[in-house]
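Residues in the sequence shown are numbered consecutively from 5, following our numbering. Quick notes on the structure that follows.
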Amino acid sequence: CLNHVGATPLIIESSSFVERGRRENSKEGTQQGGGAAAAGVRWKSSKMGVCVQECGDGHQARCRICSAVVAVIFLFVGITMQFWAGSHVDDIPLSKLCEAYSGSGEWMDAGDFKAMTDWYGEEYGFRCTADQVPRADGHCDPTFQGIASFFLSSNRQATYTGRTDLMRYADIGFYCKHAPNQVSPNTSLTCIDNCPSNSPFCNPFPCRIWPSQTTTPESSNWYVAESLFGGGAIRHVNCEEKAHVFEDFLEAVFGQSSYMHSWYGEDVKAASREFYLTCLVDKGNNGYILTIGPIVSTLGGVITILTLFRRFHGPPWPEVGINLLILSLILILFGFWSISIGTVAEISEYAICGDTPPPVTFRGMRYDGRACVDRDTLGQENWNPFVYILSLVYSTYVVGGVLTFLSVVMFLGLVTGFTEHMMGDRFGKYLMSVNDIPNIKLPFPHHQTPAPA
């Protein structure tokens with residue numbers, strides 16, 4: 005292309021236009037536009053007064069469109085994987101955790117809790133609370149605080165603070181119907197027998213919660229890593245399913261006749277709903293962090309795609325796209341950190357045992373006390389279903405985040421090229437080229453080295 009003030013070169017690939025340019029050149033002379041016509045270029049007037057200095061815009065446009073298509077594909081796949089993983093990292097089915105704990109995916113129901121509270125009431129005497137009426141023997145039925153303290157005995161936060169409102173982080177035995185086959189065949193030995201009476205902190209599981217609790221119909225299960233400060237495996241379980249178990253527990257505890265104030269169905273449902281909402285709030289911050297990054301990436305990508313069209317080519321759209329894309333890069337990296345905190349710490353509690361023979365690995369347990377993720381309690385090669393889903397969610401989010409990251413980088417390349425082109429169009433006439441620098445007269449005298457005598 006040739007510099008021509010007030011004109012913009014357009015590439016004409018047809019040979020007829022080349023011949024026409026040559027004929028016009030012979031009539032009008034070679035001083036103005038002849039070289040461009042000979043090169044197959046037609047000049048078109050422009051109000052900008054800026055000349056594009058290259059004739060490869062067609063190739064650049066095709067390359068830019070191809071880059072945009074690839075970036076859109078990466079972005080769509082990436083944000084889909086991130087949204088799925090971000091919404092499932094704390095929404096794993098309770099049946100998967102119970103299947104890992106006992107070999108069966110069944111939950112506790114109202115009948116199980118009723119059998120448990122009846123046995124507690126007959127075996128152990130509880131002090132009556134202000135809203136209870138004592139039985140003939142002077143004792144009362146089990147209270148919510150008493151049973152909650154037992155199921156929170158392995159949670160140090162609840163144990164040392166005396167809090168009984170953390171049942172959403174109760175032991176796995178509270179939620180799962182069956183006891184694993186590793187418990188003692190002596191049905192008279194229960195979880196209470198495994199905990200010393202003088203120690204407030206205890207993790208007796210696996211064990212029978214009450215003597216008539218059945219063991220799993222399956223012959224094998226997996227060892228579940230302990231959680232000392234709440235959260236852990238139970239934190240990743242679906243809140244609605246945990247609230248359903250909690251509702252059955254309340255019906256069994258507060259449905260006893262020893263209470264002066266009867267709990268009706270709506271009272272139990274209100275307490276269960278509060279349990280559910282509190283569980284969601286606990287997980288809300290993590291879910292917000294994991295989903296805000298893909299949302300911002302999507303907005304930045306959409307605005308960048310719009311800048312391909314002439315209507316959105318000018319300000320402020322390229323600058324808005326750049327700001328959103330840079331912000332999305334930060335949020336993607338922050339999302340990696342958030343999901344790692346929530347899942348890697350849990351997954352790292354397990355070991356991949358492989359074909360390691362005894363005594364290094366024996367029946368799903370390593371010599372150092374770590375549970376095997378790929379071996380059940382019979383020593384068979386079988387993956388822990390709960391840890392498998394947790395690992396799948398984590399890896400899906402990471403892979404999706406990498407694809408989103410790559411798409412954002414490609415979008416940044418597109419929108420940065422548009423911005424540079426716009427800056428050259430708008431401010432190019434105020435800038436000087438490198439060839440003009442030697443012609444500048446400096447305000448101070450030039451120092452000359454004296455010639456040798």
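Backbone N, C-alpha and C define an ideal beta-carbon position, used for all residues, glycine too. Source: prediction; values computed, not measured.
Bridge-paired residues (DSSP) for residue i
i: T219; result: A183
i: C376; result: A355
i: W387; result: None; W387 has no bridge partner.
i: W111; result: C180
Per-residue DSSP class, three states only, for residue i
i: M369; result: strand
i: I96; result: strand
i: G348; result: Strictly speaking, residue 348 in this sequence is Val, with Gly absent from that position. Of the three classes helix, strand and coil, the one that applies to V348 here is helix, per DSSP.
i: E244; result: helix
i: W341; result: helix
i: W88; result: helix
i: N290; result: helix
i: C211; result: coil
i: D197; result: helix
i: E103; result: helix
i: G3; result: Residue 3 falls outside the range modelled here, since the chain spans only 5 to 457, and no answer is possible.
i: P363; result: coil
i: G325; result: helix
i: G259; result: coil
i: L333; result: helix
i: W47; result: Note that W47 has pLDDT 42, beneath the 50 cutoff, so the model's placement of it is unreliable and no number is given.
i: E230; result: coil
i: Y401; result: helix
i: P138; result: coil
i: W123; result: helix
i: F313; result: coil
Same chain, Cβ closer than 7 angstroms to residue i, neighbours up to 5 away in sequence not counted
i: E385; result: D378, R379
i: W88; result: T400
Proximity of residue i and residue j at Cβ, strictly below 8 angstroms
i: G339; j: G291; result: no
i: A237; j: L101; result: yes
i: Y227; j: A355; result: no
i: E255; j: A114; result: yes
i: W267; j: F258; result: yes
i: G346; j: V93; result: yes
i: S106; j: T220; result: yes
i: W111; j: V249; result: yes
i: S158; j: E251; result: no
i: L294; j: G90; result: yes
i: L461; j: H240; result: Because the chain here runs from 5 to 457, residue 461 falls outside it and cannot be looked at.
i: N198; j: T381; result: no
Below-8 angstroms beta-carbon distance, residue i vs any chain D residue
i: S99; result: No chain D is present in this structure, which holds just one protein chain.
CA-to-CA distance, residue j to residue i, given in whole angstroms
i: Y392; j: I83; result: 22 angstroms
i: C243; j: Y401; result: 21 angstroms
i: N190; j: R212; result: 10 angstroms
i: S192; j: P215; result: 6 angstroms
i: L396; j: S344; result: 13 angstroms
i: R68; j: E245; result: 49 angstroms
i: V272; j: I96; result: 25 angstroms
i: R66; j: V403; result: 29 angstroms
i: L333; j: G297; result: 8 angstroms
i: G147; j: D122; result: The sequence as given places Thr at residue 147; Gly does not occur at that position. For T147 and D122, the distance between alpha carbons rounds to 12 angstroms.
i: W321; j: A274; result: 49 angstroms
i: V81; j: S108; result: 35 angstroms
i: N327; j: Q217; result: 60 angstroms
i: R315; j: L337; result: 33 angstroms
i: R277; j: A152; result: 18 angstroms
i: T168; j: Q149; result: 6 angstroms
i: G269; j: P363; result: 54 angstroms
i: P361; j: F117; result: 41 angstroms
i: F390; j: G125; result: 34 angstroms
i: P138; j: A119; result: 20 angstroms
i: M85; j: I299; result: 13 angstroms
i: G373; j: F366; result: 10 angstroms
Own chain residues within Cβ distance below 6 angstroms of residue i, not counting five before or after
i: M414; result: S71, A75
i: S30; result: With a pLDDT of 49 at S30, under the threshold of 50, the modelled position of that residue is not reliable, and the figure given next carries that caveat. Once the five neighbours on either side are set aside, S30 has no close Cβ partner at all.
i: R370; result: A355
i: C180; result: C102, Y105, S106
i: N289; result: none
i: A162; result: L156, L170
i: A186; result: Sequence check: residue 186 is Gln here, not Ala. So the qualifying residues of the chain are P210.
Contacts around residue i, its chain only, beta-carbon distance under 8 angstroms, and the 5 residues preceding and following it disregarded
i: F78; result: L407, T408, L410, S411, M414
i: F155; result: M171, A174, D175, G177, F178
i: L329; result: S301, G304, G305, T308, V412, F415, L416, V419
i: A349; result: none
Heavy atom of the ligand PLP within 7 angstroms of residue i beta-carbon
i: N159; result: Only the bare structure without any ligand can be found here, which leaves the ligand PLP out of the picture.
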